[in-house]
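A quick write-up on the structure given underneath.
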Amino acid sequence: MCYFVILSILLQIAGFNVQKQTFAEVTNVSNVQAFNNAKYDGILGLGYSKLAVNRVTSVLENMVKQILMPPIFSFYLNRIEIRNRHSHTTMCYNCQAIVDINIQLIVASERYITLINESIGTTKNVDGQETINCNRISELPTISFILAGEKTGKFSFGGKKFNLNGEDYIIRVRTDNVTCVSRFYGANMYERGYDLILGSAFIGRYYTEFDMEKDRVGFALAK
């Protein structure tokens, strides 16, 4: 259980003063596993206000309303390694995807993910994780995503191919220097309205721009 109170503050971020920003001050997270093991103190969401708890205005939408920024923001993960942290198969056609920077995985239906992990050569351990020897990362195949915009132009992916290498979709187990884990994760996607979640395993390789005004996402190769 998580206990919190709702407050309104002056938020200072990147040299900007965001007036009357609503946020939740958490007073007890003893039963929230994510916070118990985390090295961060809080979460600043980047989603739409309509998806927020009680539909409070998000930081980004507040900044747009207060003319502190245009309704476009970008996301980039530094690819410098931080110590102590850490055949041809077609998955599906006409899959609907969303981008979620809140998760480290690439999530899709279990039947699709099974195909990918089999092509990688992973082995499921007792915890249900798909593991592989870390020494094989450089030998792993390239996984390609072809993202195409809808005919309405709502999304602007442009039908381009986006490749991921082993270094992108495999993560080292923190307590083990030999075993690595696939970041492709199978889940029940029924009735979600989409087939694929592109988390930081995908975003980490690409500079990602979110256009809140036109509801679209764009990618460029991160350097």
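When we follow this note's numbering, the leftmost residue of the sequence shown carries the number 1019, and every step to the right adds one. Don't be surprised by glycine CBs; every beta carbon is placed ideally from N, CA and C. A quick note: this is a predicted structure, and the numbers were derived from the prediction, not measured.
For this session: Kindly confirm or deny that the stretch 1205-1221 and the stretch 1142-1157 touch, where touching means at least three C-beta pairs closer than 8 Å.
Result: no
Exercise. If we count the other Cβ atoms within 10 Å of its Cβ and call it buried at 16 or more, is ILE1124 buried or exposed?
Worked result: With 16 or more Cβ atoms within 10 Å of its Cβ, ILE1124 is classed as buried.
For this session: Tell me, to the nearest whole angstrom, how far the beta carbon of ARG1201 is from that of ILE1188; I am working on the premise that it is less than 8 Å.
Result: 7 Å
For this session: Using a threshold of 9 Å, state whether the C-beta atoms of LEU1158 and ILE1164 are closer than that.
Result: no
For this session: For TYR1130, count neighbouring C-beta atoms within 10 Å of its own C-beta (all shown protein chains included) and say buried if the count is 16 or more, exposed if not.
Result: So TYR1130 counts as buried.
Exercise. My guess is that GLY1204 and SER1127 are in contact by the Cβ rule of under 8 Å, so how many angstroms apart are they, rounded?
Worked result: 7 Å
Exercise. Helix, strand or coil: which one does DSSP assign to ASP1229?
Worked result: Taken through DSSP and simplified to helix, strand or coil, ASP1229 comes out as strand.
Problem set entry | ARG1190: first and last residue of the uninterrupted beta strand (DSSP E) it sits in | 1188-1190
Exercise. Alpha carbon to alpha carbon, how far is ALA1115 from PHE1041?
Worked result: 29 Å
Exercise. So what's LEU1216 in DSSP terms, helix, strand or just coil?
Worked result: strand
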